[in-house]
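Engineer: Quick note: this note's numbering has the sequence shown finishing at residue 434, numbered continuously throughout.
Each residue gets a CB set at the ideal place from its N, CA and C atoms; glycine is no exception.
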Amino acid sequence: MRIWNGPVLGVVALAAAAMPSLLATVPAQAQAQATGPAVAAHSAERTSRRDVYVPRVLSPRAGTVWRVGERVEVTWDVSDPPAQITNRTGSIALRAGGVTLLDRVLASDFDILLGRMEVTVPDVPPGDDYRVVLSGDSGNWSEPFTITSDGRAAPPPGAPATRRR
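1) In the DSSP assignment, what are the bridge partners of residue 376?
2) From this set, 391, 397, 384 and 412, which residue's C-alpha is nearest residue 324's C-alpha?
3) Let me make sure I understand the geometry here. Which of 334, 386, 377 and 353 has the alpha-carbon closest to that of residue 455?
4) Give the DSSP-derived three-state secondary structure of residue 286 in the structure shown.
5) Measuring alpha carbon to alpha carbon, tell me which of 400, 338 and 351 ends up nearest residue 320.
6) Which residues does DSSP pair with residue 369 in a beta bridge?
7) Quick one: Cα of residue 407 to Cα of residue 419, how far?
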């Protein structure tokens, strides 16, 4: 194998020798020049069999109000899944203020093709900038919705959230 064939191809050849999984991110033409057509064809075939599934979250929607402690349903569109889904194991987490709350996983280890999951609203401060994040192959967010702790409306946008007991 010739290692140096220009700056990019030399690096590709070294990476291919050290870590074959990196080939999935290198264009097929560069792979063929650096490592030979057989390796490039194998990598292209392996990559083409993967389909990332990105189902749209249907609920909760904007205007939805969840109350802490109640059971609610999260739904997503499963009407057109690809033939080969890379990861069918789903999880649902809560997101607030632009941050996914990894300690607020609402459900996990379910088949992403179910299209619905019942969850319990966690004890979080009231607010109107919550979203659910549906993960499997990729993460999809719901529209922003409100969580309250006592049935009353959430504070107006920008107001500090306080925990009510």
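Structural biologist: On the basis of the coordinates in this document:
1) In the DSSP output, where bridge partners are listed per residue, residue 376 has 361.
2) When 391, 397, 384 and 412 are compared, the shortest CA-CA separation from residue 324 is found for 384.
3) Outside the modelled stretch of the chain, which goes from 270 to 434, sits residue 455, for which no answer is possible.
4) Only weak support is given to the placement of residue 286: the predicted model assigns it a pLDDT of 41, under 50, and the value that follows is read from those uncertain coordinates. DSSP places residue 286 in helix when its eight states are reduced to three.
5) Per the Cα distances, 351.
6) In DSSP, residue 369 forms a bridge with 364.
7) Those two C-alpha atoms are separated by around 34 Å.
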